[in-house]
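A.B. asks: Supplied in structure tokens, the structure appears directly below.
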Amino acid sequence: MSWKKYRNQFQKEYPDESNFIIGIDLGNKTSSIAYFDLNRKVSEVIDISGGYGKPSIPTVIQYVKESKDWVFGEYAVLNNTGTDKKFYSLLDGLGTKKYFDIDDKPISLVNILSMYIKELISNCKNLNPRAIVSGIVVSVPNYITDEQLEELNFALY
-19 MSWKKYRNQF QKEYPDESNF IIGIDLGNKT SSIAYFDLNR KVSEVIDISG
31 GYGKPSIPTV IQYVKESKDW VFGEYAVLNN TGTDKKFYSL LDGLGTKKYF
81 DIDDKPISLV NILSMYIKEL ISNCKNLNPR AIVSGIVVSV PNYITDEQLE
131 ELNFALY
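Read in the working numbering, the sequence shown has 85 at position 105, and its numbers run on one by one without any break.
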């Protein structure tokens, strides 16, 4: 996704606090999210660690078969049930067109990563539930391949 699109959009009219410009640092081990505070004109990292005191969370997602819930970050790392499925290193798996069996249905790694990204974004919506996400800028490791980047673009939409 090109940040230039958003730069051009905001040169014409500057949004108010009902709009979010979100930055996601999407890493293979940890990820974080920030928003641009339009009142103070600075970016603000959101602590999404669930009280662990770090602004980033592990890039881990878990499916708990018993409850049919998806669990994210530290909760996924610490939660251990007998039949859970955990997904680590989500970015490394991109570009492989990998599918997993979840409750006898195939689900792609792209869809799993998409759920993770939506969970990150939902933390911004907790700040202002009526706000509109006006732009998203995603930072990824520089070693990502074109195939991985293509699948990442699918995860973002």
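Note that beta-carbon positions come from the ideal geometry of N, C-alpha and C, so glycine has one too. Because the structure is a prediction, the values reported are computed rather than measured.
(1) Do Asn103 and Ile13 have their CB atoms nearer than 9 angstroms?
(2) Just checking, does the segment 17 to 30 make contact with the segment 44 to 58 on the three C-beta pairs under 8 angstroms criterion?
(3) Since Lys66 sits in a beta bridge, which residues does DSSP pair it with?
(4) Evaluate contact between the segment 62 to 74 and the segment 121 to 133, counting only Cβ atoms and requiring at least three cross-stretch pairs below 8 angstroms.
(5) To the nearest angstrom, how far is it from the Cα of Ile41 to the Cα of Val22?
(6) When the distance is taken between beta carbons, is Leu107 closer than 9 angstroms to Tyr15?
C.D. replies: Answer, in terms of the structure:
(1) The residue you call residue 103 lines up with position 123 of the sequence shown. The residue you call residue 13 lines up with position 33 of the sequence shown. Taking 9 angstroms as the Cβ cut-off, Asn103 and Ile13 qualify as a contacting pair.
(2) yes
(3) Locating residue 66 in the sequence shown gives position 86, where the first residue counts as 1. Lys66 pairs with Gln42.
(4) yes
(5) The residue labelled residue 41 in the question sits at position 61 within the sequence shown. The residue labelled residue 22 in the question sits at position 42 within the sequence shown. Each residue's Cα considered, the two are about 30 angstroms apart.
(6) Position 35 of the sequence shown holds residue 15. Position 127 of the sequence shown holds residue 107. The answer is yes: Cβ separation under 9 angstroms.
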